[in-house]
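Below is one structure, written out as structure tokens, with a few remarks after it.
In UniProt numbering, the protein residues as written are 1 to 395.
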């Protein structure tokens, strides 16, 4: 901790060579080192066992450790006396085999390659016109649009069931509802896609309509001319569903006061996430404000250095169809959203058993939404992004 603080101005040039012991430490210690700038692992030859064919191999626990550090592109340094007749080349071949057999990256890792630990300013599609390249990246997310299609399908079935029940002369009964619940309806349902991009949500709505055997009228709103060209060229499977052509309308912050979108890799998450803000649509009370305030307290299980807060979200689209970036409930292979990071300007040193308390504000005005945050324990900080002076999200 002290060395990294003293060397903060040259930290990019400072790396750690970590010696791997025969008895591995607790998971919390390993997780801590996975958050440090480790550039090399030092392996002693006496760590290796000899397999049934007479070749050197590492214990399974050490193999797993190396594969975790491989994701940080570390180098390996082999030291000690050679314990094999064929020389050090046997160790080299084995370590190369471990590297090549660490497993193929999944879709999430493939699509996020190159974005690891990169600070990205959150996109603001209501303020800026996104490029076609940006749209193409989002459209490669297989889970998100499947989830939207399933949610729309379930919502249409729900609407059809309600319509069929209300059409019965004596109201619904348990027997009748069972017979008519999924019966097609001729009542046209209205779907509004507000911010359609290049049309994947429109396609999801049309697919859901066809699957539910429910006619729909879809209103598509998109202000970005970069997306309108693609929307206009879409060939829907029933041209009568398209009532008219799309219409468009036109319309350096302080780093430590700006929340970033980050593909968190070289870091340690110090605690379980806690709920902060909840929103229900439609609002039970239309007069209810969308501003929020919350305080969270985290109990530190070991010494650590806090550089910021990681933020996640979960959304229930309909029924049990959800989207989530929560680490333990992350939607499978969903790459459209990375965690939010709320930074601090000076690292906060915490000790085991201490309380880390933070206050979070979600503030709103007629044209903007912004976040403010401040730590109150173990030592108070200033309020970051106060009054949205550094970062606001346009409405």
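Beta carbons are placed, not taken as given, at the ideal position from N, Cα and C, and that holds for glycine.
Under 7 Å Cβ to Cβ from residue 326, same chain only, skipping five residues before and after it: list those, please. 273, 312 and 314
Among residues of its own chain, excluding the 5 on either side of residue 108, which ones have a beta-carbon nearer than 7 Å to its beta-carbon? 333 and 335
Check whether the region 117-136 and the region 71-89 touch, using three or more Cβ-Cβ pairs below 8 Å as the test. no
Assign residue 161 to one of three DSSP states: helix, strand, or coil. Secondary structure at residue 161: helix, using DSSP grouped into helix, strand and coil.
So, helix, strand or coil for residue 265, using DSSP? coil
Please report the straight-line C-alpha distance between residue 269 and residue 393, rounded to a whole angstrom. 26 Å
How far does the beta strand (DSSP E) with residue 104 in it reach, from first residue to last? Counted as a single uninterrupted DSSP element, the stretch harbouring residue 104 is not any beta strand (DSSP E), since DSSP gives it neither H nor E.
Tell me the DSSP bridge mates of residue 377? 357
For residue 371, write down the residues that DSSP places opposite it in a beta bridge. 362
Residues in the same chain with beta-carbon distance under 6 Å from residue 212, minus the five sequence neighbours each way, listed in chain order, please. 153, 156 and 157
Within the same chain, show all residues whose beta-carbon is closer than 6 Å to that of residue 143, passing over the 5 residues directly before and after it, in chain order. Setting aside the 5 residues that flank it on each side, residue 143 is surrounded in the same chain by 331, 332, 333 and 334, each with a C-beta closer than 6 Å to its C-beta; the list follows chain order.
For the region 55-122, which segments carrying the beta strand (DSSP E) assignment without a break, of at least 3 residues, lie completely within its bounds, in sequence order? 75-79
Does residue 29 come out as helix, strand or coil in the three-state DSSP assignment? helix
Taking all protein chains shown into account, do 16 or more other C-beta atoms lie within 10 angstroms of the C-beta of residue 50, making it buried, or fewer, making it exposed? exposed
Can you say whether residue 350 is buried or exposed, counting buried as having 16 or more other CB atoms within 10 angstroms of its CB? Under this definition residue 350 is a buried residue.
Cα separation between residue 287 and residue 67? 53 Å
In the DSSP assignment, the alpha helix (DSSP H) including residue 414 goes from what residue to what residue? The question about residue 414 has no answer, for the chain in this structure spans 1 to 395.
Can you check whether the CB of residue 293 is closer than 9 Å to the CB of residue 382? Not in contact: residue 382 and residue 293 (Cβ atoms no closer than 9 Å).
Would a C-beta distance cut-off of 9 Å place residue 298 and residue 342 closer than the cut-off? no
Contained alpha helix (DSSP H) runs [length at least 4] in the region 198-234, N- to C-terminal order: 200-212 and 225-233
State the beta-bridge partners of residue 310 as determined by DSSP. 341
Could you pull out every residue in the same chain whose Cβ sits closer than 6 Å to the Cβ of residue 192, ignoring the five residues on either side in sequence? 219
Confirm, please, whether the CB-CB distance from residue 279 to residue 360 is below 9 Å. no
When burial is assigned at 16 or more other CB atoms within 10 Å of the CB, is residue 101 buried or exposed? Taking every protein chain shown into account, the CB of residue 101 has fewer than 16 other CB atoms within 10 angstroms, so this residue is exposed.
Just mark residue 37 as buried or exposed, buried being the case when its beta carbon has 16 or more other beta carbons within 10 Å. exposed
Coil, strand or helix - residue 346 by DSSP: strand
Of the choices 187, 77 and 20, whose alpha-carbon is the least far from that of residue 59? 20
To which residues of the same chain is residue 291 closer than 7 Å at the C-beta, ignoring the five residues directly before and after it? Around residue 291: 362, 363 and 364.
Exposed or buried, which one is residue 289 when buried takes at least 16 other CB atoms within 10 Å? Answer is exposed; the Cβ neighbour count stays below 16.
Answer yes or no: do residue 226 and residue 149 have a C-beta to C-beta separation smaller than 9 Å? no
Same chain, Cβ closer than 7 Å to residue 173, five either side skipped, listed in chain order: The predicted model places residue 173 with a pLDDT of 46, which falls under 50 and marks its position as unreliable, so this point remains unresolved.
Less than 9 Å between the C-beta atoms of residue 41 and residue 14, yes or no? No, these two residues do not count as a Cβ contact at 9 Å.
Classify residue 417 as helix, strand or coil using the three-state DSSP reduction. Given that the chain is displayed from residue 1 to residue 395, the structure contains no residue 417 and the question cannot be resolved.
So is residue 373 buried or exposed if we call it buried at 16+ other beta carbons inside 10 Å? buried
Select from 129, 57, 45 and 75 the residue whose C-alpha is nearest the C-alpha of residue 223. 129
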